[in-house]
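Going from the sequence shown to the numbering used here is simple: count from 1 and add 15. Structure first, commentary second.
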Amino acid sequence: MLSSSSTNASHDSLLYSGTQLHICADGGANRVFDELPHFFPHEDVSDVRKRYKPDVIKGDMDSIRDEVRDFYSGLGSRIDDESHDQNTTDLHKCIAYIHDLPDLKTPNLFILVVGALGGRFDHEMGNINVLCRFANTRIVLLSDDCLIQLLPNTHHHEIHINPSVEGPHCGLIPIKMPSASTTTTGLKWNLANSEMRFGGLVSTSNIVKESVVTVQSESDLLWTISIKQDMNIQ
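In structure tokens form, the structure reads like this:
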């Protein structure tokens, strides 16, 4: 959980129930503390905050308020102050922490990052850079409008589309280096051994047409797809 308010906080409570570990990156703890109680107006504020407490709060601790830090510390949340490290982002610190947990070293590891998009552009690019630095881990950045994930060039990708939640607008964007050849199926404007690069062709404003989209590329790509505003996460 990051601090950007670009994601509807009502989604946060829904996602809590289906995930194993909950980490707030610094000021993301303020957001959980402040916003989640509004979606349970008939419940005691303190009870809601206790129910949706983070397991870990990590970062350089320049954004979290003292009252929030003290509240969650009192509930047993682990507080990791890494202000000594100014060379990595708070999101990077959180992902690295997950990688060091022996119980979570599984090929099925899936990390969903809420609040990584929206706000300052340099923050967004820093979070996208984290996808590249942990290219072998499935990480999805989620906002109200879209999701973003990295498609490493080491795999042939099959993306199964849930039309009740996502689409139809989508895009494939080369990252780190140009793609000499990209081939897709399942899109309105498919690529056939197409070169993509900044300053040339990039596949933005595309449309999903099939329930499965396939992607094969010679370089890493970002996959993004729109999220329906009235989506119902089950």
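Just so it is clear, CB atoms sit at the ideal spot from N, CA and C, and this is done for glycine as well. In this text the structure is predicted, and so the values were computed from the model without any measurement.
Residue nearest to residue i in terms of C-alpha spacing, selected from the options
i	options	result
V63	G74, V71, E50, S88	E50
S88	G215, I126, P69	P69
D252	E181, T152, W204, G182	Outside the displayed span of the chain (16 to 249) sits residue 252, for which this structure offers no information.
Q101	M76, R93, L124, F86	M76
V128	C185, P52, I176, G43	G43
D159	I242, F54, F86, H53	I242
L157	Q244, T229, F149	Q244
L216	D137, F136, W204	W204
L162	D59, V60, L132	L132
G214	G201, E225, M192, I38	M192
Element boundaries [beta strand (DSSP E), containing residue i]
i	result
G74	71-74
M211	209-211
Test item: CB-CB of residue i and residue j under 9 Å
i	j	result
K73	K108	yes
N168	S194	yes
E181	I222	no
L106	N142	yes
V83	F48	yes
G134	R46	no
C185	L165	no
I154	I110	yes
T198	S218	no
L237	I190	yes
Nearest-angstrom Cα separation, counted from residue j out to residue i
i	j	result
V227	M140	28 Å
N144	S98	20 Å
S220	L124	30 Å
P52	A207	49 Å
R212	I188	8 Å
E233	I176	23 Å
D172	D81	In the sequence as displayed, the identity of residue 172 is His instead of Asp. So the two alpha carbons sit approximately 44 Å from each other.
A40	P117	21 Å
V230	H57	47 Å
DSSP beta-bridge partners of residue i
i	result
G133	The partner list for G133 (beta bridge, DSSP) is empty, contrary to what the question assumes.
I38	V71
N102	In the DSSP output, where bridge partners are listed per residue, N102 has none listed.
H172	V230
N-terminal and C-terminal residue of the alpha helix (DSSP H) that residue i is part of
i	result
S58	Correcting the residue identity first, residue 58 is Glu in this sequence and not Ser. Where E58 is concerned, there is no enclosing alpha helix (DSSP H), given that its DSSP letter is neither H nor E.
R84	81-89
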